[in-house]
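Numbered according to our numbering, the sequence shown spans residues 208 to 622.
Yeah, the Cβ is synthetic: ideal placement off N, Cα and C, and Gly gets one too.
Quick caveat, the model's predicted, so the values are computed rather than measured.
This report refers to the structure that appears directly beneath it.
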Amino acid sequence: MTLTVPTNGRMTPEALGEELLSMLGGDDRHMKEALDLLLSQAVMHRASDVHAEPYRGMLKVRFRVDGYFRDVVELPGEVLEQMVARVKVMAGLIVHRRDIPQEGRIRIEGADFRVSILPTVAGEKLALRAFDAAGRLMELEELGFSSPTLVNFEHLLGGLSGTILLTGPSGSGKTTTIYAALKRIHDRYGDHAAITTIEDPVEYDLGLFAQVQVSSRSELSFASALTSVLRQDPGVIMLGEIRDPQTGEIAMRAGLTGHLVLSTIHSGTACGVLARLMDMGIEPYIVNSSVRAVLAQRLARRLCKHCVDAYEPDPALVDLVKKYAPEFDGPFLKGKGCPSCLGTGFHGRFALTELLVLGDRLSGLIAEKAGTGKLERAALETGFTPLLSDGIEQVVTGRTTVEEVVRALGTEVSP
Ligand SMILES: [Zn+2]
Numbered sequence: 208m209t210l211t212v213p214t215n216g217r218m219t220p221e222a223l224g225e226e227l228l229s230m231l232g233g234d235d236r237h238m239k240e241a242l243d244l245l246l247s248q249a250v251m252h253r254a255s256d257v258h259a260e261p262y263r264g265m266l267k268v269r270f271r272v273d274g275y276f277r278d279v280v281e282l283p284g285e286v287l288e289q290m291v292a293r294v295k296v297m298a299g300l301i302v303h304r305r306d307i308p309q310e311g312r313i314r315i316e317g318a319d320f321r322v323s324i325l326p327t328v329a330g331e332k333l334a335l336r337a338f339d340a341a342g343r344l345m346e347l348e349e350l351g352f353s354s355p356t357l358v359n360f361e362h363l364l365g366g367l368s369g370t371i372l373l374t375g376p377s378g379s380g381k382t383t384t385i386y387a388a389l390k391r392i393h394d395r396y397g398d399h400a401a402i403t404t405i406e407d408p409v410e411y412d413l414g415l416f417a418q419v420q421v422s423s424r425s426e427l428s429f430a431s432a433l434t435s436v437l438r439q440d441p442g443v444i445m446l447g448e449i450r451d452p453q454t455g456e457i458a459m460r461a462g463l464t465g466h467l468v469l470s471t472i473h474s475g476t477a478c479g480v481l482a483r484l485m486d487m488g489i490e491p492y493i494v495n496s497s498v499r500a501v502l503a504q505r506l507a508r509r510l511c512k513h514c515v516d517a518y519e520p521d522p523a524l525v526d527l528v529k530k531y532a533p534e535f536d537g538p539f540l541k542g543k544g545c546p547s548c549l550g551t552g553f554h555g556r557f558a559l560t561e562l563l564v565l566g567d568r569l570s571g572l573i574a575e576k577a578g579t580g581k582l583e584r585a586a587l588e589t590g591f592t593p594l595l596s597d598g599i600e601q602v603v604t605g606r607t608t609v610e611e612v613v614r615a616l617g618t619e620v621s622p
């Protein structure tokens with residue numbers, strides 16, 4: 208049997224399926240080797256999750272890469288039971304209990320995986336999530352920000368005072384951006400910056416500065432931890448999320464009194480965050496004096512450089528691009544799909560952003576408690592680049608497709 212090995216030892220799904228079948232050959236003696244192979248391939252394909260589940264009498268294995276599931280192999284149904292049993296032994300779980308959810312952790316081929324086993328009506332479903340502590344600490348330059356945003360964002364961090372808020376749905380890369388920001392501050396100022404984080408939970412012990420874990424189930428809430436942290440007077444505070452008015456108020460006041468506060472807050476857009484803070488009952492004068500900027504972001508997939516090719520998008524999408532970039536006359540690029548990208552046409556992700564820096568014009572509107580629409584119109588007049596403009600710019604520079612931008616931003620396109 209010949210294996211098709213595209214690059215870096217990555218096998219195609221077909222080759223991986225054949226290899227796993229030949230290894231297992233009807234018994235479970237080689238399950239350990241088969242799991243090693245499956246998970247090392249998952250790591251090579253940059254999968255964040257591996258799911259193995261019963262499906263129509265078969266075992267279906269899927270990888271989640273760049274946020275999307277991709278069917279990888281189908282194996283005979285009986286393999287699932289052996290695989291689950293093997294993982295349970297490795298994770299120290301109860302092998303004979305097949306009727307309860309179980310969770311644990313395993314280490315294979317130098318990578319850590321969080322194990323979750325769920326009883327379904329068709330049999331147990333196995334989910335493995337890769338811990339990528341090292342992958343979490345990226346440089347600001349690796350996030351894919353457009354250059355004006357990168358320059359402005361880095362400049363804001365250098366101020367070491369005030370509040371900088373990040374927003375975007377879960378899975379939009381906010382945590383990665385915050386960690387990259389903290390790493391930059393730490394690299395530049397070392398221990399002088401005195402960074403403390405308050406997180407729910409601390410998933411990655413970075414080993415660079417103090418990290419405090421809070422939980423909605425314990426006495427240590429975001430608000431109480433923040434009050435205690437402030438008594439120690441750190442220079443930089445990263446607060447995992449502002450969920451309630453009390454936490455918001457303490458965070459804003461900390462930003463007013465000589466600290467740099469980095470936090471996330473739930474809202475769709477940068478201007479929406481300002482309206483949300485006021486809805487929380489935080490006084491406009493506190494927002495105005497504390498908040499220096501709001502960054503909204505979404506993740507879009509980057510074109511696979513191995514299979515990029517010209518194509519013609521749907522006319523409505525061409526019109527959308529022309530609206531923001533009238534001078535652009537192609538070519539439009541997309542990935543055709545190749546073994547290296549598991550046929551998706553994409554490899555890796557980057558952040559689409561909008562960075563709203565507060566100035567006099569916006570401050571005046573905040574003082575009047577203006578709504579999101581009014582804030583947005585004023586921001587646009589002062590040169591603010593909204594998410595969609597940034598996305599179209601990324602299409603023009605050939606980094607992603609217009610379809611991907613529309614998907615990532617949830618933009619409605621009229622035909
Ligand atoms: Zn490709």
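When every heavy atom of ligand 1 is checked, does at least one fall within less than 6 Å of the C-beta of residue i?
i	result
Lys542	Note that residue 542 is Gly in the sequence shown here, rather than Lys. It does: the Cβ of Gly542 is within 6 Å (strictly closer) of some heavy atom of ligand 1.
His252	no
Thr513	Looking at the sequence itself, residue 513 is His, so the reference to Thr does not match. Under cutoff, so the answer is yes.
Cys545	yes
Cys478	no
Give the straight-line distance between the Cα atoms of residue i and residue j, rounded to the nearest whole angstrom.
i	j	result
Glu285	Asn359	56 Å
Gly455	Lys381	18 Å
Met208	Ala241	The predicted position of Met208 is uncertain, since its pLDDT is 36 and thus under 50; a value taken from the coordinates is nonetheless stated next. Roughly 17 Å separates the two Cα atoms.
Val443	Ala400	6 Å
Cys511	Ser470	32 Å
Gln289	Ala430	47 Å
Leu204	Ile392	Look at the range of the chain in this structure, 208 to 622, and you will see that residue 204 is not part of it.
Lys581	Leu572	8 Å
Gly317	Pro220	22 Å
Asp412	Phe352	25 Å
Thr579	Ile307	47 Å
Glu225	Leu246	15 Å
Ser425	Tyr262	40 Å
Pro213	Ile385	Residue placement at Pro213 is poorly supported in this model, since its pLDDT is 47, which falls under 50; the coordinates still yield a value, given next. If I take the Cα positions, the gap works out to 34 Å.
Ala586	Leu357	18 Å
Glu610	Phe553	12 Å
Lys576	Gly550	49 Å
Thr607	Pro520	12 Å
His466	Ile405	14 Å
Leu437	Thr464	10 Å
Glu490	Gly366	23 Å
Met297	Phe276	25 Å
Gly617	Ser377	14 Å
Thr434	Ala222	56 Å
Cys548	Phe338	21 Å
Asp451	Gly311	32 Å
Leu481	Gln453	16 Å
Would residue i count as contacting chain D if we go by Cβ distances under 7 Å?
i	result
Cys514	No chain D appears in the structure shown, which is made up of a single protein chain.
With distances taken Cα to Cα, identify the nearest neighbour of residue i among the options.
i	options	result
Ile313	Lys295, Pro326, Thr327, Asp451	Lys295
Gly475	Asp394, Glu490, Glu583	Glu583
Leu595	Leu559, Val272, Glu226	Leu559
Val419	Gly479, Asp407, Ser425	Asp407
Gly462	Leu427, Leu481, Val498, Leu357	Val498
Leu502	Leu481, Gly537, Glu561, Ala417	Glu561
Val272	Val291, Glu588, Asp451, Gln248	Gln248
Ala432	Thr403, Arg568, Asp526, Tyr396	Thr403
His252	Glu346, Asp278, Glu310, Thr356	Asp278
Gly590	Ala388, Pro355, Gly375	Pro355
Val690	Leu389, Gly555, Asp567, Arg438	With the chain running from 208 to 622 in the structure shown, residue 690 is simply not present.
Pro538	Leu563, Leu347, Leu527, Val602	Val602
Gly542	Val525, Gly605, Gly598	Gly605
Cys151	Ser428, Arg217, His513, Val525	It is not possible to answer for residue 151, since the shown part of the chain is limited to 208 through 622.
Leu344	Asp440, Glu361, Asp394	Asp394
Pro699	Phe416, Asp451, Leu244	What is shown of the chain runs 208 to 622, which leaves residue 699 out entirely.
Gly274	Gly555, Arg217, Arg460, Val613	Gly555
Gly264	His237, Met218, Glu331	Glu331
So, under 8 Å CB-CB, residue i and residue j are touching, yes? Tell me the CB distance rounded to an integer number of Å.
i	j	result
Leu350	Ile472	Their Cβ separation, rounded to whole angstroms, is 19 Å, which puts Leu350 and Ile472 out of contact at 8 Å.
Val268	Ala259	5 Å
Gln504	Ser379	6 Å
Val291	Leu333	5 Å
Ala477	Thr374	7 Å
Ala388	Leu347	7 Å
Gly244	Leu227	In the sequence as presented, Gly is not what sits at residue 244; that position holds Leu. Rounded, the Cβ-Cβ distance is 7 Å, consistent with contact.
Lys239	Arg293	7 Å
Leu563	Ala500	6 Å
Ile599	Val528	6 Å
Point to revise | Segment contact, 8 Å Cβ cut-off, at least three pairs: the region 267 to 287 with the region 300 to 317 | key: no
Check your understanding: Quick check: the region 532 to 543 against the region 431 to 448, are there 3 or more CB pairs under 8 Å?
Key -> no
**Study point:** Cβ contact (3+ pairs, closer than 8 Å) linking the region 503 to 519 and the region 484 to 495
**Key:** no
Check your understanding: Between the region 363 to 370 and the region 317 to 330, do at least 3 Cβ pairs fall closer than 8 Å?
Key -> no
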